[in-house]
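Just so it is clear: in the sequence shown, position 35 is 46 by my numbering, and no numbers are missing.
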Amino acid sequence: MSEQELQFHYFKMHDADNNNKLDGQELIKSLFHWHDAANHEAGKADAQHPPPEAKLFGDDELVQMIDPILDQDDKNKDGYIDYPEFVQAQRNAAAAQQTNQV
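Here you go:
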């Protein structure tokens, strides 16, 4: 799969109501999926990239994680991240990561 196909698959995998938008609850589920140690390849963890620890998040913690995502990435301020907004957010994150590596 190409990088674009993987991005689309990841987006659609978390779009539970199939409306082509990610709401706050779907964003929470995507964070849980990403941080779930079971979703990381065995043997790939090392000292620099250990598998994430299991954690239960409180409501306030979830709000503190999701609200900044919506504030930054929801460009049309409709309360959802649509696919073009998702793609732009991924590009911004990749550019920021490259800047930090230089």
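Even glycine gets a Cβ: it sits at the ideal position worked out from N, Cα and C.
Straight-line CA distance for leucine 42 to alanine 107? Against the sequence shown, residue 42 aligns to sequence position 31. Against the sequence shown, residue 107 aligns to sequence position 96. Cα to Cα, the separation comes out at about 19 Å.
Considering Cα atoms alone, identify which of Lys86, Ile92 and Asp70 is closest to asparagine 29. For the purposes of this step, residue 29 is identified with residue 18 of the sequence shown, where counting begins at 1. Nearest of Lys86, Ile92 and Asp70 to asparagine 29, Cα basis: Ile92.
Alpha-carbon to alpha-carbon, lysine 66 and glutamine 18: Translated into the one-based positions of the sequence shown, residue 18 becomes position 7. Translated into the one-based positions of the sequence shown, residue 66 becomes position 55. If I take the Cα positions, the gap works out to 25 Å.
Output needed for asparagine 31: all residues of its chain with C-beta closer than 7 Å, excluding positions within five of it in sequence on either side, in chain order. Against the sequence shown, residue 31 aligns to sequence position 20. Same-chain partners within the cutoff: Asp93 and Tyr94.
Assign aspartate 78 to buried or exposed, taking buried as 16 or more other Cβ atoms, counted over all protein chains shown, within 10 Å of its Cβ. Against the sequence shown, residue 78 aligns to sequence position 67. It counts as exposed.
Terminal residues of the alpha helix (DSSP H) in which leucine 17 lies: For the purposes of this step, residue 17 is identified with residue 6 of the sequence shown, where counting begins at 1. Residues 14 to 25.
By Cβ distance, which residues of its chain are closer than 8 Å to aspartate 85, with the 5 residues on each side in sequence left out? Position 74 of the sequence shown, counting from 1, holds the residue named residue 85. Within the same chain, aspartate 85 has close Cβ partners Tyr91, Ile92 and Glu96.
Curious, which full-length alpha helix (DSSP H) runs of at least 4 residues does the region 60 to 95 contain? 70 to 84
How many whole angstroms separate the CB atoms of glutamate 14 and alanine 27, which I take to be in contact at a CB cut-off of 8 Å? The count along the sequence shown starts at 1 and reaches residue 14 at position 3. The count along the sequence shown starts at 1 and reaches residue 27 at position 16. With a Cβ gap of about 24 Å, glutamate 14 and alanine 27 do not count as contacting.
Straight-line Cα distance separating phenylalanine 68 from phenylalanine 22: Along the sequence shown, read from residue 1 onward, the residue named residue 22 stands at position 11. Along the sequence shown, read from residue 1 onward, the residue named residue 68 stands at position 57. For phenylalanine 22 and phenylalanine 68, the distance between alpha carbons rounds to 22 Å.
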